[in-house]
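In UniProt numbering, the protein residues as written are 1 to 324. A short write-up of the structure that comes next.
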Amino acid sequence: MKLQQLRYIVEVVNHNLNVSSTAEGLYTSQPGISKRVRMLEDELGVQIFARSGKHLTRVTSAGQEIIRIAREVLSKVDAIKAVAGEHTYPDKGSLYVATTHTQARYALPEIIKSFIDRYPRVSLHMHQGSPSQIAEAVSKGLADFAIATEALHLYDDLVMLPCYHWNRAIVVLPHHPLASKTQITIEELASYPLVTYTFGFTGRSELDIAFNHAGLKPRIIFTATDADVIKTYVRMGLGIGVIANMAVSAESDHDLVKINADILFPQSTTKIGFRRSTFLRSYMYDFLQRFAPHLTREVVDMAVSRRSNEEIESIFQKIKLPVK
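Next comes the structure, spelled out in structure tokens:
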């Protein structure tokens with residue numbers, strides 16, 4: 001059994017059992033991957049993948065356990081490399097952050113800039129996607145940190161650290177009937193067409209819960225993953241926008257009227273997550289604290305030592321998170 005074989009089977013799963021795509025991603029040949037996967041199966045005496053002709057169709061029950069352990073082994077190998085790098089080149093390395101558009105556009109720019117200024121030899125990469133895609137990327141080892149509001153709870157193998165609370169805002173055109181109001185009711189909001197986030201993005205579930213509790217059904221006529229896209233369609237008169245408060249700027253959105261929606265919807269909490277097996281480099285601790293000042297090395301290490309995310313939550317009960 002070789003590490004290369006373990007990497008191959010993990011990457012095959014990461015590429016949805018498409019061996020051709022896996023070969024392209026690993027810059028190797030498709031027959032080479034197929035041959036080494038077969039050799040590993042022969043050595044273990046079990047099938048990792050079920051097949052139909054030359055095509056892989058699913059991961060077998062034995063294969064699921066093997067893949068899970070293979071991920072852990074490869075994660076430990078990466079951790080060994082990280083330990084070596086920490087001692088030889090403490091300010092050199094890479095950092096992969098997976099997040100949503102709202103975080104990338106409104107919460108991270110100044111943090112990214114200050115981080116790059118401090119660590120010019122760290123290669124920083126940002127991947128945007130849906131919250132479930134983000135959490136999955138970190139769970140599979142394709143990213144170091146996941147920053148999102150939704151979906152991180154779906155992955156028990158992630159350490160999830162609460163960073164800040166945030167509220168929603170309603171944006172309308174200046175001539176809209178609601179533009180003169182400082183507060184509106186959920187009933188008023190339900191009477192107008194809404195433009196908001198796609199389900200599963202940026203705290204959208206809290207919006208749906210609020211309407212359900214009021215026994216109302218929102219008239220959602222357009223959804224998008226990007227707050228800037230939502231504001232564009234509000235400007236076109238398509239409907240009222242319901243977006244994160246941080247996504248409304250007095251400078252760039254001076255043609256829109258913002259109405260705070262604090263009393264309509266509960267606060268959402270943005271969290272940052274990483275695999276329990278991750279060896280945190282010094283610059284990674286620094287990134288965590290830049291993003292959320294209360295995430296000191298001591299607090300992060302304390303959270304990592306806890307067995308579950310429920311126990312981690314208890315650490316933050318006495319910490320007052322900022323509100324954005």
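Note that beta-carbon positions come from the ideal geometry of N, C-alpha and C, so glycine has one too.
Exclusion of the five residues before and after F145 leaves V97, I272, F274 as the residues of its chain whose Cβ lies within less than 6 Å of its Cβ. Around the CB of Q5, 16 or more other CB atoms lie within 10 Å, so the residue is classed as buried. Going by C-alpha positions, I67 is about 7 Å away from I9.
When Cβ pairs closer than 8 Å are counted between the two stretches, the stretch 114-126 is seen not to touch the stretch 233-241, the count staying below three. Ranking R71, W166, D42 by CA distance to the CA of V12 puts R71 first. Between F279 and V83, the C-beta gap is smaller than 7 Å, which places the two residues in contact. CA-CA distance, Q30 to V19, rounds to 6 Å.
For I263, no alpha helix (DSSP H) encloses it, and the DSSP letter there is neither H nor E. In the displayed model, H87 falls within a helix according to three-state DSSP. In the structure shown, A148 falls within a strand segment according to DSSP collapsed to helix, strand and coil. Within the model, the alpha-carbon separation for T100 versus N260 is close to 22 Å.
Here the stretch 157-166 does not lie against the stretch 180-188, with fewer than 3 beta-carbon pairs under 8 Å apart. Unbroken beta strand (DSSP E) stretches of 3 residues or longer found wholly inside the UniProt domain "HTH lysR-type" (1-57): 49-52, given in chain order. Taking the CA atoms as reference points, D42 sits about 16 Å from L3. In this structure, DSSP gives S305 a helical state, which the three-state scheme calls helix. Taken atom to atom, the span from the alpha-carbon of A135 to that of A104 is near 15 Å.
Beta-bridge pairing by DSSP links A224 to Y197.
Y89 sits exposed, since fewer than 16 C-beta atoms from the chains shown fall within 10 Å of its C-beta.
Counting C-beta pairs with one atom in each stretch, the stretch 289-307 and the stretch 212-221 have fewer than three that are closer than 8 Å, which means they do not touch. Counting along the chain, the unbroken beta strand (DSSP E) around Y96 starts and ends at 93-99. A straight line joining the alpha-carbon of H55 with that of T269 spans about 43 Å.
A direct Cα-to-Cα measurement between Y192 and R38 gives close to 59 Å.
Here T102 is buried: its Cβ has 16 or more other Cβ atoms, across all protein chains shown, within 10 Å. Cβ-Cβ distances below 7 Å link Q289 to L295, T296 in the same chain, with the five nearest sequence neighbours on each side left out; the list follows chain order. The residue from R281, N212, I170, H176 with its alpha-carbon nearest to that of Y197 is I170. Comparing C-alpha distances from I221 to each of G239, N212, A227 shows the shortest one belongs to G239.
Under the three-state reduction of DSSP output, I272 falls in the strand class.
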